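A.B. asks:
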Ligand SMILES: Cc1cc2nc3c(=O)[nH]c(=O)nc-3n(C[C@H](O)[C@H](O)[C@H](O)COP(=O)(O)O)c2cc1C
């Protein structure tokens, strides 16, 4: 068992999480798996690393996407890029998201990733949603929504790539409603991707030009879901368990991608599932939150994550806890795992002291 596996086996339950995680079925199975558990950990560059995904899986996510991975980076065989692809030994499987603009590089990347991960690759996703200027300027990410022929060629290239690896891994795409509100192409673009053989389409209910501001439109996602036969995964403002279920129902999508809603809240997945089944989600005591934070940081360390990421992670979990503002100032000075663990120990004692005087 890997170090991460040992940590999860020892500490997940005390943090209100559960381990091992149910695997995504081999050979497609999109619809069945989503019917059982529609809540998926979304791709998040700089965030959804191994430790984050393990926490999400322990919190009940049906599966988890990698951070977006550059097809050019894989072409040049950069170790840093492969680091994003290789899951932890404890992850039952992973969905890898690729970005780029050259169909030939997608075909090569799809073949390499599928060969390397084999059946641990749940599905291969193409990013057609990223609005970041340095990506879109090169015709990648959401810019592909202005170039449906290229998007079509990329999906077909990925399908050829996984076939070359001797696998039938589904190829999916993640899109927005269009690049700008002046060109709301979501429906026609999704139909074109379906024709190209996309096995599912994730739709973020904003335009590229909106970034993450303004409200995501459930209705616009619903329009896409009605227009295609393949499953649609809804993304946008799934910030609470309540809202995850609301988004699923309002959009008519088969699944929901949870992104920012997982900040400091790995339980959001099981809470959403409980709500969907008519049960009330549980309250999480401060002590339990602190245990989850400790597990997350230990996993970060055990899986080779950069320890300075712990600052953001700790701020998320401590939000709303007594003494959070003061702890935040201290967090920004922490540089080693031990310093973070000491801070958590102090926070735990503070919580215990407050409970005692109540
Ligand atoms: C920090 C951050 C990084 C993200 N990185 C990616 C990415 O690599 N690929 C992608 O398709 N979407 C990415 N997204 C978008 C999310 O997957 C999701 O679609 C978006 O945040 C809307 O969901 P939310 O409102 O529930 O957070 C990212 C979002 C955030 C906040």
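Residue numbers (the numbering used here): 6 to 363.
Don't be surprised by glycine CBs; every beta carbon is placed ideally from N, CA and C.
Computed from a predicted model, the values in this text were never measured in an experiment.
I'd like the ranges of any alpha helix (DSSP H) spanning at least 4 consecutive residues and lying wholly in the stretch 271 to 313.
C.D. replies: As far as the stretch 271 to 313 is concerned, its whole alpha helix (DSSP H) runs of at least 4 residues are 273 to 281 and 291 to 307.
A.B. asks: Please classify residue 237: does DSSP put it in a helix, a strand, or coil?
C.D. replies: Residue 237 sits at position 232 when you count from the first residue of the chain shown. It is a strand residue.
A.B. asks: Classify residue 337: buried if its beta carbon has 16 or more other beta carbons within 10 angstroms, exposed otherwise.
C.D. replies: Here residue 337 refers to the residue found at position 332 of the chain shown. Exposed: under 16 other Cβ atoms inside 10 Å.
A.B. asks: Rounded to the nearest angstrom, what separates residue 69 and residue 193 at their Cα positions?
C.D. replies: On the chain shown, residue 69 is found 64 positions in, with the first residue counted as 1. On the chain shown, residue 193 is found 188 positions in, with the first residue counted as 1. Distance between the alpha carbons of residue 69 and residue 193: 27 Å.
A.B. asks: Considering only heavy atoms of ligand 1, list every residue whose Cβ is less than 7 Å from one of them, following chain order.
C.D. replies: Qualifying residues, in the order they occur: 47, 48, 49, 50, 51, 52, 72, 73, 102, 132, 134, 135, 179, 209, 217, 221, 240, 241, 242, 243, 244, 262, 263, 264, 265 and 266.
A.B. asks: Determine the closest residue to residue 263 out of 257, 248 and 36, with distance taken between C-alpha atoms.
C.D. replies: Indexing the chain shown from 1 puts residue 263 at position 258. It is 248.
A.B. asks: Mind checking which residues open and close the beta strand (DSSP E) that includes residue 139?
C.D. replies: Residue numbering aside, residue 139 sits at position 134 when the chain shown is read from its first letter. Where residue 139 is concerned, there is no enclosing beta strand (DSSP E), although the alpha helix (DSSP H) it sits in stretches over 138 to 141.
A.B. asks: Can you tell me where the beta strand (DSSP E) holding residue 212 begins and where it ends?
C.D. replies: In the chain shown, the residue the question calls residue 212 occupies position 207. Looking at the DSSP string, residue 212 is not in any beta strand (DSSP E), and its letter there is neither H nor E.
A.B. asks: Could you tell me which of 50, 22, 27 and 14 sits nearest to residue 314, measuring between CA atoms?
C.D. replies: Residue numbering aside, residue 314 sits at position 309 when the chain shown is read from its first letter. Cα-wise, what sits closest to residue 314 is 50.
A.B. asks: Would you mind reading off the limits of the alpha helix (DSSP H) that contains residue 117?
C.D. replies: If you number the chain shown from 1, residue 117 lands on position 112. Note, residue 117: alpha helix (DSSP H), 108 to 122.
A.B. asks: Once DSSP output is grouped into helix, strand and coil, what is the label at residue 52?
C.D. replies: Here residue 52 refers to the residue found at position 47 of the chain shown. Looking at residue 52 - three-state DSSP - the assignment turns out to be coil, as it is neither helix nor strand.
A.B. asks: With three or more beta-carbon pairs closer than 8 Å as the criterion, would you say the stretch 168 to 187 touches the stretch 115 to 133?
C.D. replies: Counting Cβ pairs under 8 Å, three or more are found: they touch.
A.B. asks: One question on the structure: do residue 198 and residue 178 come within less than 7 Å of each other, judged by their Cβ atoms?
C.D. replies: Position 193 of the chain shown, counted from the start, is the residue given in the question as residue 198. Position 173 of the chain shown, counted from the start, is the residue given in the question as residue 178. Cβ atoms of residue 198 and residue 178: closer than 7 Å.
A.B. asks: Please classify residue 147: is it buried, with 16 or more other beta-carbons within 10 angstroms of its beta-carbon, or exposed?
C.D. replies: By 1-based counting over the chain shown, the position of residue 147 is 142. Counting Cβ neighbours within 10 Å, residue 147 comes out buried, since at least 16 surround it.
A.B. asks: Specify the secondary structure class of residue 326 as computed by DSSP and reduced to three states.
C.D. replies: For the purposes of this step, residue 326 is taken as residue 321 along the chain shown, with counting starting at 1. DSSP places residue 326 in coil when its eight states are reduced to three.
A.B. asks: Mind checking residue 341: buried by the 16 CB within 10 Å criterion, or exposed?
C.D. replies: Locating residue 341 in the chain shown gives position 336, counting from the first residue. Residue 341 should be labelled exposed.
A.B. asks: Quick check: the Cα distance between residue 47 and residue 14, rounded to an integer number of angstroms?
C.D. replies: Stepping through the chain shown from its first residue, residue 47 is reached at position 42. Stepping through the chain shown from its first residue, residue 14 is reached at position 9. Taking the straight line joining both Cα atoms gives about 24 Å.
A.B. asks: Should residue 271 and residue 356 be called a contact, given that it needs their Cβ atoms to be closer than 7 Å?
C.D. replies: Position 266 of the chain shown, counted from the start, is the residue given in the question as residue 271. Position 351 of the chain shown, counted from the start, is the residue given in the question as residue 356. No, these two residues do not count as a Cβ contact at 7 Å.
A.B. asks: Helix, strand or coil for residue 130? Go by DSSP, reduced to three states.
C.D. replies: Looking up residue 130 in the chain shown gives position 125. Three-state result, residue 130: strand.
A.B. asks: With which residues is residue 73 paired in a DSSP beta bridge?
C.D. replies: To locate residue 73, count along the chain shown from 1; it is residue 68. Beta-bridge pairing links residue 73 to 102.
A.B. asks: Got a sec? Which residues, its chain only, sit under 7 Å from residue 203 by beta carbon, not counting five neighbours each side?
C.D. replies: For the purposes of this step, residue 203 is taken as the residue at position 198 of the chain shown. 160, 176, 177, 178 and 235, listed in sequence order.
A.B. asks: Compare the C-alpha of residue 196 against each of 218, 154 and 170 and name the closest.
C.D. replies: Taking the first residue of the chain shown as position 1, residue 196 is located at position 191. Per the Cα distances, 154.
A.B. asks: Say whether the stretch 90 to 97 touches the stretch 115 to 126, bearing in mind that this needs 3 or more beta-carbon pairs closer than 8 Å, one atom from each stretch.
C.D. replies: Short answer: they touch.
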